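Quick note, the sequence shown lines up with residues 24 to 318 if you use the working numbering.
Working notes, structure below.
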Amino acid sequence: MANILKGADVVSALNNKTAAKLETLKERDINATLAIVRVGERPDDIAYEKTATKRCETVGVTVRNILLPEDITQSKLAGSIIDLNKDGSVHGILLFRPLPKHLSDKDIRAVLTPDKDVDGITDDSLAGVFTGSGKGFAPCTAQACIEILDYYNIDCTGKRVVVIGRSLVVGKPVAMMLMGKNATVTVCHTRTVDIPSVTRNAEILIVAAGKPEGITKEYFSPGQIVIDVGINWNEEKGKLCGDVKFDDAEPVVAAITPVPGGVGTVTTSVLVSNVVEAAIAQSMKREYMKRDFNR
Numbered sequence: 024m025a026n027i028l029k030g031a032d033v034v035s036a037l038n039n040k041t042a043a044k045l046e047t048l049k050e051r052d053i054n055a056t057l058a059i060v061r062v063g064e065r066p067d068d069i070a071y072e073k074t075a076t077k078r079c080e081t082v083g084v085t086v087r088n089i090l091l092p093e094d095i096t097q098s099k100l101a102g103s104i105i106d107l108n109k110d111g112s113v114h115g116i117l118l119f120r121p122l123p124k125h126l127s128d129k130d131i132r133a134v135l136t137p138d139k140d141v142d143g144i145t146d147d148s149l150a151g152v153f154t155g156s157g158k159g160f161a162p163c164t165a166q167a168c169i170e171i172l173d174y175y176n177i178d179c180t181g182k183r184v185v186v187i188g189r190s191l192v193v194g195k196p197v198a199m200m201l202m203g204k205n206a207t208v209t210v211c212h213t214r215t216v217d218i219p220s221v222t223r224n225a226e227i228l229i230v231a232a233g234k235p236e237g238i239t240k241e242y243f244s245p246g247q248i249v250i251d252v253g254i255n256w257n258e259e260k261g262k263l264c265g266d267v268k269f270d271d272a273e274p275v276v277a278a279i280t281p282v283p284g285g286v287g288t289v290t291t292s293v294l295v296s297n298v299v300e301a302a303i304a305q306s307m308k309r310e311y312m313k314r315d316f317n318r
């Protein structure tokens with residue numbers, strides 16, 4: 024039987040670190056604040072908003088929920104983001120995507136200042152991930168995968184890692200982050216021929232396929248570590264499931280994250296941590312500029 028890599032323990036460790044940093048900010052009268060911008064009434068957005076809001080409140084981060092109509096114009100949405108960029112009391116901005124089809128995702132992302140991009144969606148933030156410069160924040164879900172590997176002391180150095188999925192949300196950034204940890208990384212996608220033959224040779228398998236329980240027994244081999252990023256609703260079973268068919272993988276692999284209770288739970292804690300880190304960075308920048316101005 025596989026070792027279950029539960030997210031709860033990772034969350035507890037992350038939250039403790041974040042709470043300590045929050046106390047330092049509060050001593051300086053800085054109230055770390057996240058603005059959550061939701062356009063329309065997508066059920067998955069609403070669910071994640073509730074989860075993120077609760078996690079923030081648990082740790083002590085203030086949340087400002089901004090609900091905008093689904094038919095909002097491009098210019099008005101851009102204006103709302105610009106206002107939040109300028110608001111010194113807001114340290115992080117979370118914009119739910121995908122946006123309604125009449126809005127340009129690329130143009131709206133370009134409006135968001137990287138300093139407050141706590142979910143790593145801007146080109147500047149992603150550039151930091153791809154260059155390894157450390158600037159900006161990585162996408163929270165990709166970072167959550169890394170946090171799990173680190174917490175459970177899974178050394179990636181020299182390991183054969185296969186990532187299924189090439190999105191900018193998970194696949195591409197997590198591949199770059201794993202290479203930064205000296206792993207040898209292969210990325211599979213919808214055009215990859217015979218994916219199971221590739222994944223069976225992996226020592227670590229990161230699955231962000233976007234297909235409910237689509238990764239079945241032929242993809243696995245003994246001793247693997249599997250990180251299942253997918254969160255899907257199984258209509259037939261009436262419950263959440265991952266991209267991995269858990270019952271196929273668990274008897275074979277060495278370790279696996281559950282769904283729910285795995286990557287998703289860690290993702291929200293990464294988001295909260297990023298807000299606090301953003302608040303620290305912004306306060307330091309303001310102090311530096313004041314000293315420089317007063318010289």
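Beta carbons: idealized from backbone N, C-alpha and C, even for Gly.
Given the structure is predicted, the values throughout are model-derived calculations rather than measurements.
Alpha-carbon to alpha-carbon, residue j and residue i
i: VAL299; j: ASP217; result: 43 Å
i: GLU144; j: MET199; result: The question names Glu, but residue 144 in the sequence shown is Ile. Spanning the two alpha carbons is a distance of roughly 15 Å.
i: GLU170; j: VAL289; result: 8 Å
i: LYS5; j: ARG214; result: This structure cannot settle anything about residue 5, because the visible part of the chain is limited to 24 through 318.
i: ILE227; j: LEU37; result: 23 Å
i: ARG337; j: LYS44; result: With the chain represented from 24 up to 318, any question about residue 337 goes unanswered, as that position is not in the structure.
i: ARG65; j: GLY265; result: 20 Å
i: TYR71; j: SER156; result: 30 Å
i: GLN166; j: GLY194; result: 11 Å
i: THR319; j: ASN39; result: The first residue shown for the chain is 24 and the last is 318, placing residue 319 beyond what the model contains.
i: GLY203; j: LYS109; result: 33 Å
i: LYS158; j: GLU259; result: 44 Å
i: THR41; j: VAL210; result: 32 Å
i: GLU310; j: GLY111; result: 13 Å
i: SER244; j: GLY285; result: 21 Å
i: ALA278; j: LYS29; result: 10 Å
i: SER103; j: ILE69; result: 19 Å
i: GLY83; j: LYS182; result: 38 Å
i: ALA304; j: VAL184; result: 33 Å
i: THR239; j: THR222; result: 11 Å
i: VAL208; j: ALA150; result: 19 Å
i: ALA133; j: VAL197; result: 22 Å
i: GLN247; j: LEU48; result: 41 Å
i: GLN97; j: TYR242; result: 43 Å
i: LEU91; j: LYS99; result: 10 Å
Residue span of the beta strand (DSSP E) that contains residue i, given as start and end
i: ALA58; result: 56-62
i: ARG87; result: 85-91
i: ILE116; result: 115-118
First through last residue of the alpha helix (DSSP H) which encompasses residue i
i: ASN132; result: Reading the sequence as shown, one finds Arg at residue 132 and not Asn. Element bounds for ARG132: 128-134.
i: ASN108; result: 97-109
i: ASN38; result: 30-50
i: THR207; result: No alpha helix (DSSP H) contains THR207, which is instead part of the beta strand (DSSP E) from 207-211.
i: ASP270; result: 269-272
i: THR280; result: Element bounds for THR280: n/a, residue is neither H nor E.
i: ARG78; result: 66-82
Sequence-distant residues of its chain with Cβ nearer than 8 Å to residue i (five each side left out)
i: ASP142; result: LEU117, LEU118, PHE160, PRO162, CYS163, LEU294 and ASN297
i: MET24; result: GLU273 and PRO274
i: THR85; result: ASN54, ALA55, THR56, LEU57 and CYS79
i: THR76; result: ILE59, VAL86 and ASN88
i: ASN205; result: CYS179, THR180 and GLY181
Close beta carbons around residue i, own chain, < 6 Å, minus the five adjacent residues each side
i: GLY115; result: LEU57, LYS139, VAL141, VAL298 and ALA301
i: PRO281; result: ILE27
i: ALA231; result: GLY188, VAL193, GLY194 and VAL252
i: THR291; result: THR74, ALA75 and ARG78
i: LEU107; result: ALA58, VAL113 and ILE116
i: ASN255; result: PRO235 and CYS264
Close-in-space but distant-in-sequence residues of the same chain around residue i (CB under 7 Å, 5 per side omitted)
i: LEU122; result: VAL62, ASP128 and ILE131
i: ALA237; result: The residue asked about is misnamed: residue 237 is Gly in this sequence, not Ala. Counting only Cβ-Cβ distances below 7 Å, and skipping sequence neighbours, we find ASP266.
i: ASP147; result: PRO137 and GLY159
i: ASP67; result: none
Any non-hydrogen atom of the ligand FAD within 7 Å of residue i CB
i: GLU258; result: Questions concerning the ligand FAD fall outside what the structure shown contains, since it holds no ligand whatsoever.
Query - Cβ contact (3+ pairs, closer than 8 Å) linking the region 247-257 and the region 265-284 - result: yes
Query raised in the report: Considering only residues of the region 152-193, which uninterrupted beta strand (DSSP E) runs meet the minimum length of 3 residues and lie entirely inside it, listed in chain order?
Result: Note on the region 152-193: whole beta strand (DSSP E) runs with a minimum of 3 residues are 183-187, in chain order.
Query raised in the report: Is the region 25-36 in contact with the region 173-180, if contact means three or more CB pairs nearer than 8 Å?
Result: yes
**Report entry** 3-residue-minimum beta strand (DSSP E) runs that sit fully inside the region 220-267, ordered along the chain
**Finding:** 227-230, 248-251, 255-257 and 262-264
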